[in-house]
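Encoded as C-alpha cells, the structure appears first; notes follow it.
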Amino acid sequence: MFERELERARKGLRDLVSTRDPYVSLQSILGNGAVHPAYRCFFGAEVAWWLHEERALRTSNPRFDTTAGPFKELFAKLDDAYLRHARFDHEELNATIEAAVKTRLNFLCRPRTSLKWFVFRGEPTKPLNEVLLRLSYFHDYQYLTDGIRQWADARRTDSVSSYEILSIVEFERIIEKVDNDAILDQSQDEFVELLQPLYDWFAEHNTELPPESVPTEAVIIFLDDKGAIPISQTLERMLYRENLKILTRSKFLDVIDFVISEIESGAIQGPVTSSEQHEASSEQRVASSEQQEASSELPATSFDLRYDRFGADIDAATRQRFIKRLCGGEDGEFEALLGEVLGSETWKIGAAKLDRWFIRQGVQPNNAVAMELAHALNKAFR
Numbered sequence: 033m034f035e036r037e038l039e040r041a042r043k044g045l046r047d048l049v050s051t052r053d054p055y056v057s058l059q060s061i062l063g064n065g066a067v068h069p070a071y072r073c074f075f076g077a078e079v080a081w082w083l084h085e086e087r088a089l090r091t092s093n094p095r096f097d098t099t100a101g102p103f104k105e106l107f108a109k110l111d112d113a114y115l116r117h118a119r120f121d122h123e124e125l126n127a128t129i130e131a132a133v134k135t136r137l138n139f140l141c142r143p144r145t146s147l148k149w150f151v152f153r154g155e156p157t158k159p160l161n162e163v164l165l166r167l168s169y170f171h172d173y174q175y176l177t178d179g180i181r182q183w184a185d186a187r188r189t190d191s192v193s194s195y196e197i198l199s200i201v202e203f204e205r206i207i208e209k210v211d212n213d214a215i216l217d218q219s220q221d222e223f224v225e226l227l228q229p230l231y232d233w234f235a236e237h238n239t240e241l242p243p244e245s246v247p248t249e250a251v252i253i254f255l256d257d258k259g260a261i262p263i264s265q266t267l268e269r270m271l272y273r274e275n276l277k278i279l280t281r282s283k284f285l286d287v288i289d290f291v292i293s294e295i296e297s298g299a300i301q302g303p304v305t306s307s308e309q310h311e312a313s314s315e316q317r318v319a320s321s322e323q324q325e326a327s328s329e330l331p332a333t334s335f336d337l338r339y340d341r342f343g344a345d346i347d348a349a350t351r352q353r354f355i356k357r358l359c360g361g362e363d364g365e366f367e368a369l370l371g372e373v374l375g376s377e378t379w380k381i382g383a384a385k386l387d388r389w390f391i392r393q394g395v396q397p398n399n400a401v402a403m404e405l406a407h408a409l410n411k412a413f414r
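The sequence shown begins at 33 in the working numbering and counts up one residue at a time.
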C-alpha cells in the first residue's frame, strides 16, 4: 500500500545523502538540514544501536573486569570516537534508507502497532534498555515515545535495573495507556491535529493529492490502531460505498461530528475513542465492536463465497509467495489460516485473528507481503 509514495520518499532521501564516495559519514547526514529530522533521528539511532552491539562485544570477555574505573573512562572516549566517525557504505546506506522510510510511514499510520513490532521484532520480551534504544528511532508523535520514557524513568529505582525484562504484552498495555491518557480529553480539532505529520508526509510525496488531504485508507488504518472503531467503520463505509478516497481535515471533522451525533442519539453504540481501553484488552475491544456491527448490518457472507472471492483475486504465483514467505512453504498451514480468517463472522474479527496468527509466526504485520495478504483477505469480505 502507498508504494508510489514510498518510492518517491526513498528516492528523495537517497538524492540528499548519497555520494560517489565509498562511505557516507553519520555526521554529514546529521548536519544536512535538507534531510527531514525524522530520518536524521533514524540514522542516529541506527548508529547508537551499532554502538550498543559493540559494547556488548567488548564487555563479554569474562577474563577482564570491564566494570573497573579505567575501562569506564576509556570506553566513554571510545564511544565518543565511534559516534564521531561512524559511516555507512553504499549497501548499508540503501538498507537504512529503505528501513527509515518504511518504518516512518508505518509509524505515522499505525503508531501503536509499529512501535510494538519495531521494538520487539517478534520476540516475547526485551531488556528495558534495548526498548529505550529502539524508541530513539522515532521522531514523530513524540508525546507517545516521551510518555513511554517517562514510565521507564519512574521505574528506575535502586532496585530496578535498566536491564529489567519487559514483555510485549506489558509494552502494549503501556502504549495504550499513554496514548489514551493523551487523547482522552482532546477536542475534535485537537484529535484531527494529531494527524498533522501524516498530512505533511503525503503532501510531500503525493503532489497529485488536493491540498491538505490524505488517502482515506491511511486515516482508517490510523483510527483502527487507536481503537476509534465507530469513526473508522464510518469512514470505511464511505470509502467503499461513496468512493471517498481522499479525506480533508474539514471532511474528517464532519465525519467525527456525525459519529458523535449518532452515538448521542443511540444509533451507534460506544465511545468515539474507546475509553474502555484502560480496562479492556485489544481482543475484548474487537469482540465488542463486532457485536455492535453484527447487530446493525447484514449477516456476514458465507465462508465458501469469501474463499472463492479470495481465490479469484490472487493468481497462483501470489498464492505461492504467501505460502513461502509467511507459512514456511506449508500449504496446509496456509489453508488453515484461510479457514480461520475467512470463517470469521466479520472482517474485524478476522483481522484480529490474522494479527494473532502473525504474532505466533513471528511475522511483522506491516511488512509488504503480510499487508498484501491482509488486503486480499479484506477484499473477500466486501
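Ideal Cβ positions, reconstructed from N, Cα and C, are used throughout, including at glycine. Being a predicted model, the structure only gives us computed values, none of them experimental.
Residue i in three-state terms, based on DSSP
i	result
Tyr55	strand
Val67	coil
Arg119	strand
Val395	coil
Thr91	coil
Gly259	coil
Met427	In the structure displayed, the chain extends from 33 to 414; residue 427 sits before or after that span and is not available.
Lys411	helix
Tyr175	helix
Tyr169	coil
Thr98	coil
Gly298	coil
Ser50	coil
Arg142	coil
Ser334	coil
Val401	helix
Arg40	helix
Glu315	Interpretation of Glu315 is limited by its pLDDT of 42, a score under 50 that renders its predicted location unreliable; the figure taken from the coordinates is listed afterwards. Residue state, collapsed to three classes: helix.
8 Å contact criterion, which residue i and residue j should meet: CB distance rounded
i	j	result
Val210	Leu176	6 Å
Leu198	Lys158	6 Å
Phe335	Leu405	At roughly 17 Å, the Cβ-Cβ gap does not stay under 8 Å, so Phe335 and Leu405 are not in contact.
Lys283	Pro247	Contact doesn't hold; Cβ gap of about 13 Å is too wide.
Arg90	Thr99	Not really, about 12 Å apart at Cβ, beyond 8 Å.
Asp289	Gln220	7 Å
Phe74	Val151	Contact doesn't hold; Cβ gap of about 14 Å is too wide.
Asp172	Ala260	Contact doesn't hold; Cβ gap of about 18 Å is too wide.
Ala80	Ser168	6 Å
Glu162	Thr128	Wrong, their Cβ atoms sit about 19 Å apart, outside the cutoff.
Arg116	Gln59	7 Å
Leu164	Arg181	7 Å
Short Cβ contact (8 Å threshold) for residue i with residue j
i	j	result
Thr49	Leu125	Sequence check: residue 49 is Val here, not Thr. For Val49 and Leu125, yes; Cβs fall inside 8 Å.
Gly382	Val373	yes
Arg144	Glu222	no
Leu279	Leu140	no
Ala400	Phe342	no
Leu358	Ala402	yes
Asp232	Arg142	no
Glu196	Arg187	yes
Arg119	Val56	yes
Val224	Arg166	no
Ile61	Arg72	yes
Glu130	Arg40	no
Lys134	Leu255	no
Leu227	Val251	yes
Leu83	Asp111	yes
Arg215	Pro262	Residue identity differs from the one stated: residue 215 is Ile in this sequence, not Arg. No; because the gap between Cβ atoms is not below 8 Å, this pair is not in contact.
Leu271	Glu244	no
Residues bridged to residue i (per DSSP)
i	result
Leu279	Val246
Ser60	For Ser60, which the question treats as bridged, DSSP gives no partner whatsoever.
Thr157	Ser199
- Item | Minimum length 4: unbroken alpha helix (DSSP H) runs contained in the stretch 208–251 | 220–225 and 228–237
- Message: Please give me, in chain order, every unbroken run of the alpha helix (DSSP H) with length at least 4 that falls completely inside the stretch 343–385.
- Response: 348–358 and 363–374
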